[in-house]
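Colleague:
There are 2 protein chains.
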Amino acid sequence: MARKKKYNAFYAQSGGVTAVINASACGVIETARAHKDKIGKVYAGRNGIIGALTEELIDTSKESKKDIAALKYTPSGAFGSCRYKLKSLEQNRAEYERLIEVFKAHDIRYFFYNGGGDSADTCLKVSQLSEQMDYPIQAIHIPKTVDNDLPFTDNCPGFGSVAKYIGVSIREAGFDVASMAKTSTKVFVMEVMGRHAGWIAAAGGLAAENEGDAPHIILFPEIAFNKEKFLKRVDRCVKKYGYCAIVVSEGAQYKDGTFLADAGSTDAFGHKQLGGVAPVVAQMVKDELGHKYHWAVADYLQRAARHIASATDVDQAYAVGKAAVEYALKGKNAVMVTIDRKKTKSYGWKIGEAPLEQVANVEKMMPRNFITRDGFHITEACRDYLLPLIKGESYPPFKNGLPQYVTLKNKAVDKKLKKKFTV
Amino acid sequence: MARKKKYNAFYAQSGGVTAVINASACGVIETARAHKDKIGKVYAGRNGIIGALTEELIDTSKESKKDIAALKYTPSGAFGSCRYKLKSLEQNRAEYERLIEVFKAHDIRYFFYNGGGDSADTCLKVSQLSEQMDYPIQAIHIPKTVDNDLPFTDNCPGFGSVAKYIGVSIREAGFDVASMAKTSTKVFVMEVMGRHAGWIAAAGGLAAENEGDAPHIILFPEIAFNKEKFLKRVDRCVKKYGYCAIVVSEGAQYKDGTFLADAGSTDAFGHKQLGGVAPVVAQMVKDELGHKYHWAVADYLQRAARHIASATDVDQAYAVGKAAVEYALKGKNAVMVTIDRKKTKSYGWKIGEAPLEQVANVEKMMPRNFITRDGFHITEACRDYLLPLIKGESYPPFKNGLPQYVTLKNKAVDKKLKKKFTV
Numbered sequence: 001m002a003r004k005k006k007y008n009a010f011y012a013q014s015g016g017v018t019a020v021i022n023a024s025a026c027g028v029i030e031t032a033r034a035h036k037d038k039i040g041k042v043y044a045g046r047n048g049i050i051g052a053l054t055e056e057l058i059d060t061s062k063e064s065k066k067d068i069a070a071l072k073y074t075p076s077g078a079f080g081s082c083r084y085k086l087k088s089l090e091q092n093r094a095e096y097e098r099l100i101e102v103f104k105a106h107d108i109r110y111f112f113y114n115g116g117g118d119s120a121d122t123c124l125k126v127s128q129l130s131e132q133m134d135y136p137i138q139a140i141h142i143p144k145t146v147d148n149d150l151p152f153t154d155n156c157p158g159f160g161s162v163a164k165y166i167g168v169s170i171r172e173a174g175f176d177v178a179s180m181a182k183t184s185t186k187v188f189v190m191e192v193m194g195r196h197a198g199w200i201a202a203a204g205g206l207a208a209e210n211e212g213d214a215p216h217i218i219l220f221p222e223i224a225f226n227k228e229k230f231l232k233r234v235d236r237c238v239k240k241y242g243y244c245a246i247v248v249s250e251g252a253q254y255k256d257g258t259f260l261a262d263a264g265s266t267d268a269f270g271h272k273q274l275g276g277v278a279p280v281v282a283q284m285v286k287d288e289l290g291h292k293y294h295w296a297v298a299d300y301l302q303r304a305a306r307h308i309a310s311a312t313d314v315d316q317a318y319a320v321g322k323a324a325v326e327y328a329l330k331g332k333n334a335v336m337v338t339i340d341r342k343k344t345k346s347y348g349w350k351i352g353e354a355p356l357e358q359v360a361n362v363e364k365m366m367p368r369n370f371i372t373r374d375g376f377h378i379t380e381a382c383r384d385y386l387l388p389l390i391k392g393e394s395y396p397p398f399k400n401g402l403p404q405y406v407t408l409k410n411k412a413v414d415k416k417l418k419k420k421f422t423v
Numbered sequence: 001m002a003r004k005k006k007y008n009a010f011y012a013q014s015g016g017v018t019a020v021i022n023a024s025a026c027g028v029i030e031t032a033r034a035h036k037d038k039i040g041k042v043y044a045g046r047n048g049i050i051g052a053l054t055e056e057l058i059d060t061s062k063e064s065k066k067d068i069a070a071l072k073y074t075p076s077g078a079f080g081s082c083r084y085k086l087k088s089l090e091q092n093r094a095e096y097e098r099l100i101e102v103f104k105a106h107d108i109r110y111f112f113y114n115g116g117g118d119s120a121d122t123c124l125k126v127s128q129l130s131e132q133m134d135y136p137i138q139a140i141h142i143p144k145t146v147d148n149d150l151p152f153t154d155n156c157p158g159f160g161s162v163a164k165y166i167g168v169s170i171r172e173a174g175f176d177v178a179s180m181a182k183t184s185t186k187v188f189v190m191e192v193m194g195r196h197a198g199w200i201a202a203a204g205g206l207a208a209e210n211e212g213d214a215p216h217i218i219l220f221p222e223i224a225f226n227k228e229k230f231l232k233r234v235d236r237c238v239k240k241y242g243y244c245a246i247v248v249s250e251g252a253q254y255k256d257g258t259f260l261a262d263a264g265s266t267d268a269f270g271h272k273q274l275g276g277v278a279p280v281v282a283q284m285v286k287d288e289l290g291h292k293y294h295w296a297v298a299d300y301l302q303r304a305a306r307h308i309a310s311a312t313d314v315d316q317a318y319a320v321g322k323a324a325v326e327y328a329l330k331g332k333n334a335v336m337v338t339i340d341r342k343k344t345k346s347y348g349w350k351i352g353e354a355p356l357e358q359v360a361n362v363e364k365m366m367p368r369n370f371i372t373r374d375g376f377h378i379t380e381a382c383r384d385y386l387l388p389l390i391k392g393e394s395y396p397p398f399k400n401g402l403p404q405y406v407t408l409k410n411k412a413v414d415k416k417l418k419k420k421f422t423v
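Those protein sequence lines, which keep their order, are chains A and B. Residue numbering for the first sequence follows full-length UniProt numbering, beginning at 1 and increasing consecutively. Residue numbering for the second sequence follows full-length UniProt numbering, beginning at 1 and increasing consecutively.
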């Protein structure tokens with residue numbers, strides 16, 4: 001019997017990186033390496049899908065076992081990611097054809113795309129076009145997004161670790177402010193990511209386990225901001241607890257859709273206010289209630305904070321990468337790997353799948369019943385959903401007081417195509 | 001032989017709190033409890049020294065052994081702190097006299113004051129006045145400040161943990177930006193505390209272990225900001241490494257002493273710009289070089305981050321609290337406990353002391369040879385000094401994904417004085 005031919009795999013990271021996207025890469029590469037009889041090399045795209053378009057492939061087989069294992073605890077995108085959305089097939093068929101040309105040239109028949117909604121869409125189109133072009137490619141989407149907004153999957157790898165970071169941070173800052181409030185700072189405002197959905201802001205709510213705990217107020221993008229109601233709540237909170245800790249989503253907005261962050265001042269040159277939404281909210285409190293404030297904008301710190309990653313998140317990120325390879329070996333195509341919550345009393349999860357046709361371009365928003373009626377906090381239902389996702393600590397190794405993250409060699413694969421492609 | 005009378009102790013937390021000031025409180029209380037034959041109760045000031053002035057004392061003997069032990073891993077000030085500087089003896093002798101009256105009423109002869117430069121000064125004056133008033137009080141100052149600016153002590157408890165947080169954070173954010181730089185963010189600016197001295201900003205420099213590592217640029221308060229030179233450096237960095245990560249001290253300033261943070265815009269109402277220095281620096285880069293940027297302001301998150309505290313810092317914070325009680329029992333007075341670096345090749349430290357007369361109102365600045373000649377980074381000498389201070393991880397216990405910090409009962413001691421005192 002003739003030995004079945006082995007094909008290579010292509011893996012790329014897409015969009016904003018997370019504390020655990022490299023754990024998914026680790027899952028993909030380690031699992032592929034465990035099936036050397038069926039999968040040849042895993043090539044990674046340098047800077048994501050751009051690397052495929054420009055034929056800048058990275059040969060992951062040049063990396064040591066130890067370095068690949070270290071991806072499991074290294075934040076960011078080890079091969080580079082990109083914010084580059086492929087246009088529709090109608091608008092730019094050439095891009096998709098180029099992808100397939102590159103895959104063909106490098107004997108790639110497995111396409112693992114690790115990203116959010118846009119990359120699910122790209123993944124689907126590559127699969128569709130490969131059929132049309134009679135070059136079979138199995139395209140598997142590996143979910144990743146701190147925004148937690150992909151459908152079908154119970155949650156998205158990357159989110160649990162941001163959620164944990166935000167919960168930990170607002171708890172710690174809350175303790176700080178509580179000790180200072182008598183003579184100093186009475187109001188603390190922490191800005192978090194999530195322009196379209198309040199999942200990350202909601203995670204801050206987990207820190208409030210008992211009456212009076214921080215955060216006292218959460219401002220969600222889903223709830224139209226009402227200045228008067230907000231200030232009344234802050235005032236009540238300061239009177240009752242001595243201080244007020246607020247988590248505000250960068251996407252917090254007025255009823256008419258104007259972002260609070262955009263409602264600030266312009267400078268002498270007409271530039272829009274430089275700050276985010278936290279200073280806007282803090283200043284509002286100062287102007288109307290006169291309290292001394294502090295504010296923080298965690299920005300990238302929150303999504304890069306591998307040092308305080310959720311062990312559940314790390315495990316799931318690895319598992320979706322591993323499952324993607326296993327699905328490919330089972331012949332699956334045009335699917336997204338999902339995390340399915342078991343219907344048990346205590347939290348459990350297993351790997352599942354969803355057809356990409358149904359995934360692409362659908363955003364999962366926070367259910368209204370996850371936000372309290374008054375719009376300022378999370379409900380028990382939300383807490384039940386979120387809590388398991390931040391469980392467990394998964395500390396990276398430290399040396400000299402700092403986490404030891406890996407930087408890969410990222411050796412280039414020789415180009416085979418004569419034609420250059422500019423993105 | 002008549003049994004020697006036991007006296008009570010008073011402990012107060014002063015100024016901005018830290019991730020480890022409660023570890024010092026733990027050292028004081030546990031050590032006092034171990035000497036019940038000599039020390040009666042430890043009363044804590046509710047909201048710092050204000051609690052002594054208003055006779056709002058907390059009876060720490062009502063707290064369980066377990067809860068006191070939990071202080072070792074709980075950030076913030078468990079009894080409340082305050083920003084309240086006692087005036088000079090000449091200006092407000094009444095305040096000092098009141099302190100001594102309260103101490104007298106509660107049979108307090110040990111005064112442990114846990115704070116920075118201002119509290120060292122207060123501590124000294126209480127000691128001096130107690131002699132004049134013929135009511136002997138032993139006043140011991142326990143150092144605490146994230147600013148690391150107290151003299152005589154090699155370093156200040158609280159600083160090492162902020163330093164570690166900043167080093168970890170800029171490393172993680174650096175990895176993030178490096179993966180995104182091809183198509184998105186090329187410049188990241190992180191603002192850190194330290195209005196007068198660049199110690200905290202310098203700590204960020206520890207993350208840059210190898211050529212090209214983040215941070216690439218540090219803006220110190222000690223080095224006059226030169227916009228042209230700075231932008232040239234950013235440009236070079238982006239060209240060479242693809243991105244540029246910057247740590248900026250909130251105290252960064254122009255040659256004339258104007259803070260960069262104050263040089264921003266005003267809004268329609270004439271309010272000064274709401275943001276900190278990070279957005280100002282980021283916008284400068286955008287305007288002149290056109291790079292996409294992100295910025296973060298860690299604010300209280302940095303000094304409250306007990307989850308990533310330095311084990312060295314925790315140990316030292318506990319040790320200075322413990323030593324304060326032991327010094328008091330040895331009859332010492334008007335001294336500050338210090339941390340003395342051993343003159344050995346590998347880092348070692350021991351507890352020492354410095355007379356408060358020499359400590360009060362002296363600020364320890366960063367030596368110029370800790371900053372590179374070009375003013376944008378730290379030297380090897382600085383690295384040698386800082387590195388041991390962030391060593392070791394001292395994780396708090398977690399439950400349900402979040403750190404479990406203690407909130408004490410903080411039961412009030414019955415007042416004994418009829419006269420009220422308003423601060």
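All C-beta atoms, glycine included, are put in the ideal place defined by N, C-alpha and C.
Using Cβ-Cβ distances below 7 Å, what residues of the region 247–261 of chain B are close to chain A?
Modeller: Cβ contacts with chain A come from no residue of the region 247–261 of chain B.
Colleague: What's the call for Val362 of chain B, buried or exposed, on a 16-neighbour Cβ count within 10 Å?
Modeller: Your numbering for residue 362 of chain B matches position 362 in the second sequence. Val362 of chain B is exposed by the Cβ-count criterion.
Colleague: Using 8 Å as the threshold, is the region 123–133 of chain A in touch with the region 305–315 of chain A, meaning 3 or more CB pairs across them?
Modeller: Judged by Cβ distances under 8 Å, the region 123–133 of chain A makes no contact with the region 305–315 of chain A, as fewer than three pairs qualify.
Colleague: Run through DSSP, which three-state label would residue 463 of chain A get?
Modeller: Any answer about residue 463 of chain A is impossible in this case: the structure gives chain A only from 1 up to 423.
Colleague: Of all the CB atoms in chain B, is at least one closer than 8 Å to the CB of Tyr243 of chain A?
Modeller: As a working mapping, residue 243 of chain A is identified with position 243 in the first sequence. Chain B, which has no Cβ nearer than 8 Å to the Cβ of Tyr243 of chain A, makes this no.
Colleague: Tell me whether the region 65–83 of chain A and the region 399–414 of chain A touch, counting them as touching only if at least three CB pairs, one residue from each stretch, are closer than 8 Å.
Modeller: Touching, yes.
Colleague: Which residue marks the beginning of the beta strand (DSSP E) containing Ile21 of chain A, and which one marks its end?
Modeller: Looking up residue 21 of chain A in the first sequence gives position 21. Not the beta strand (DSSP E): Ile21 of chain A falls in the alpha helix (DSSP H), residues Ile21 to Arg33.
Colleague: Check the DSSP bridge columns for Gly115 of chain A and list the partner residues they point to.
Modeller: Mapped onto the first sequence, residue 115 of chain A falls at position 115. A:Pro143, per the DSSP bridge assignment.
Colleague: With 8 Å as the threshold, decide whether the Cβ of Thr54 of chain A is near any Cβ in chain B.
Modeller: Indexing the first sequence from 1 puts residue 54 of chain A at position 54. Not one chain B Cβ lies under 8 Å of Thr54 of chain A.
Colleague: What residue range does the alpha helix (DSSP H) around Arg233 of chain A cover?
Modeller: Numbered from its first residue, the first sequence carries residue 233 of chain A at position 233. Where Arg233 of chain A is concerned, the enclosing alpha helix (DSSP H) stretches over Lys227 to Tyr241.
Colleague: Skipping 5 residues on each side, what residues in its chain have a beta carbon closer than 7 Å to that of Gly194 of chain B?
Modeller: Residue 194 of chain B sits at position 194 when you count from the first residue of the second sequence. Asp147, Ile200, Ala201, Pro221, Ser249, Glu250 and Gly251, listed in sequence order.
Colleague: Along chain B, in chain order, which residues have C-beta atoms closer than 7 Å to that of Arg83 of chain A?
Modeller: The count along the first sequence starts at 1 and reaches residue 83 of chain A at position 83. Those are Thr183 and Ser184, listed as they occur along chain B.
Colleague: Does Ala176 of chain B come within less than 8 Å of chain A when only Cβ atoms are used?
Modeller: Against the second sequence, residue 176 of chain B aligns to sequence position 176. Going by the sequence as given, residue 176 of chain B is Asp instead of Ala. Yes - at least one Cβ of chain A is within 8 Å of the one on Asp176 of chain B.
Colleague: Do Phe112 of chain A and Gln354 of chain A have their beta-carbon atoms positioned less than 8 Å apart in this structure?
Modeller: Position 354 of the first sequence, counting from 1, holds the residue named residue 354 of chain A. Position 112 of the first sequence, counting from 1, holds the residue named residue 112 of chain A. Before going further, note that residue 354 of chain A is Ala rather than Gln in the sequence given. Cβ atoms of Ala354 of chain A and Phe112 of chain A: not closer than 8 Å.
Colleague: Would you say Trp199 of chain B faces chain A, with C-beta separation under 8 Å as the test?
Modeller: Numbered from 1 along the second sequence, position 199 holds the residue referred to as residue 199 of chain B. Not closer than 8 Å to any Cβ of chain A, the Cβ of Trp199 of chain B fails to qualify, so no.
Colleague: Would you decide whether Ser394 of chain A is buried or exposed? Buried here means 16 or more other CB atoms lie within 10 Å of its CB.
Modeller: Indexing the first sequence from 1 puts residue 394 of chain A at position 394. Under this definition Ser394 of chain A is a buried residue.
Colleague: Express the C-alpha separation of Val192 of chain A and Ile170 of chain A in angstroms, rounding to a whole number.
Modeller: Position 170 of the first sequence, counting from 1, holds the residue named residue 170 of chain A. Position 192 of the first sequence, counting from 1, holds the residue named residue 192 of chain A. Taking the straight line from one Cα to the other gives about 10 Å.
Colleague: Enumerate in chain order the residues of its own chain whose CB-to-CB distance from Lys415 of chain B is below 6 Å, with the five nearest sequence positions on each side excluded.
Modeller: The count along the second sequence starts at 1 and reaches residue 415 of chain B at position 415. Excluding positions up to five away in sequence, the list reads Glu55.
Colleague: Apply the 10 Å Cβ neighbour rule to Gln13 of chain B and answer buried if 16 or more other Cβ atoms are within range, or exposed otherwise.
Modeller: Here residue 13 of chain B corresponds to residue number 13 of the second sequence, with the count starting at 1. Buried, because 16 or more other Cβ atoms sit within 10 Å of the Cβ of Gln13 of chain B.
Colleague: Tell me which same chain residues have a C-beta within less than 6 Å of the C-beta of Cys244 of chain A, skipping the five on either side of it?
Modeller: Position 244 of the first sequence, counting from 1, holds the residue named residue 244 of chain A. So the list reads Val187, His216, Val234, Cys237 and Val238, once near-sequence residues are dropped.
Colleague: By the criterion of Cβ-Cβ separation under 7 Å, what are the contact partners of Arg368 of chain A in chain B?
Modeller: Numbered from 1 along the first sequence, position 368 holds the residue referred to as residue 368 of chain A. Those within 7 Å of Arg368 of chain A in chain B number zero; the least Cβ separation is about 25 Å.
Colleague: Run down chain A in chain order and give the residues with a C-beta less than 8 Å from the C-beta of Ile391 of chain B.
Modeller: Taking the first residue of the second sequence as position 1, residue 391 of chain B is located at position 391. Residue 391 of chain B is actually Lys in this sequence, not Ile. In chain order: Asn400 and Gly401.
Colleague: Suppose you measure from the CA of Glu172 of chain B to the CA of Leu301 of chain A; what does that come to, to the nearest Å?
Modeller: One-based indexing of the second sequence puts residue 172 of chain B at position 172. One-based indexing of the first sequence puts residue 301 of chain A at position 301. Going from the Cα of Glu172 of chain B to the Cα of Leu301 of chain A covers about 7 Å.
Colleague: CB-CB under 7 Å to Gly167 of chain A, same chain, minus the five flanking residues each way: which ones, in chain order?
Modeller: For the purposes of this step, residue 167 of chain A is taken as the residue at position 167 of the first sequence. Cβ neighbours of Gly167 of chain A beyond the five flanking positions: Ala203, Gly204, Leu206, Ala207 and Ile390.
Colleague: Closer than 7 Å between beta carbons: that is the criterion. Which residues of the region 149–170 of chain B meet it against chain A?
Modeller: The region 149–170 of chain B vs chain A, Cβ under 7 Å: Lys164, Gly167, Val168 and Ser169.
Colleague: Between Asn8 of chain A and the rest of its own chain, which residues show a CB-CB distance below 7 Å, the 5 nearest in sequence each way excluded?
Modeller: In the first sequence, counting from the first residue as 1, residue 8 of chain A sits at position 8. Correct list, in chain order: Gly40, Lys41, Tyr43, His106, Asp107 and Ile108.
Colleague: Chain B beta carbons: is any one of them nearer than 8 Å to that of Arg98 of chain A?
Modeller: Your numbering for residue 98 of chain A matches position 98 in the first sequence. No, because no Cβ of chain B sits closer than 8 Å to the Cβ of Arg98 of chain A.
Colleague: Residues in its own chain within less than 7 Å of Tyr84 of chain B by CB, not counting five upstream and five downstream?
Modeller: Stepping through the second sequence from its first residue, residue 84 of chain B is reached at position 84. Taken in chain order, the residues that qualify are Gly48, Ile49, Ile50 and Val423.
Colleague: Taking just the CA atoms, how far does Ala32 of chain A sit from Lys63 of chain A?
Modeller: To locate residue 63 of chain A, count along the first sequence from 1; it is residue 63. To locate residue 32 of chain A, count along the first sequence from 1; it is residue 32. One detail in the question is off: residue 63 of chain A reads as Glu in this sequence, not Lys. Each residue's alpha carbon lies about 14 Å from the other.
Colleague: I need the boundaries of the beta strand (DSSP E) containing Thr338 of chain A, first residue and last residue.
Modeller: In the first sequence, residue 338 of chain A corresponds to position 338, counting from 1. Note, Thr338 of chain A: beta strand (DSSP E), Val335 to Arg341.
Colleague: At a CB distance below 8 Å, what residues from the region 294–308 of chain B approach chain A? Give them in sequence order.
Modeller: Residues His294, Trp295, Ala296, Val297, Ala298, Asp299, Tyr300, Leu301, Arg303, Ala304, Ala305, Arg306, His307 and Ile308.
Colleague: In three-state DSSP terms, what is Gly51 of chain A?
Modeller: The residue given as residue 51 of chain A occupies position 51 in the first sequence. If DSSP states are grouped into helix, strand and coil, Gly51 of chain A belongs with the helices.
Colleague: Roughly how many angstroms separate the alpha carbons of Leu57 of chain A and Glu211 of chain B, rounded to a whole number?
Modeller: Residue mapping note: residue 57 of chain A aligns to position 57 of the first sequence, counting from 1. Residue mapping note: residue 211 of chain B aligns to position 211 of the second sequence, counting from 1. Looking at the two C-alpha atoms, the distance is approximately 25 Å.
Colleague: Leaving aside the five residues before and after Pro136 of chain B along the sequence, list all residues of the same chain whose C-beta is less than 7 Å from its C-beta, in chain order.
Modeller: Here residue 136 of chain B refers to the residue found at position 136 when the second sequence is read from its first residue. Correct list, in chain order: Arg109 and Ser130.
Colleague: According to DSSP, which residues form a beta bridge with Gln404 of chain A?
Modeller: Taking the first sequence and counting its residues from 1, the one referred to as residue 404 of chain A is at position 404. Note: Gln404 of chain A sits in no beta bridge, so no partner.
Colleague: Using the beta-carbon of each residue, which ones in chain A are nearer than 9 Å to Val17 of chain B?
Modeller: Residue numbering aside, residue 17 of chain B sits at position 17 when the second sequence is read from its first letter. Correct list: Phe175, Asp176, Ser179 and Met180.
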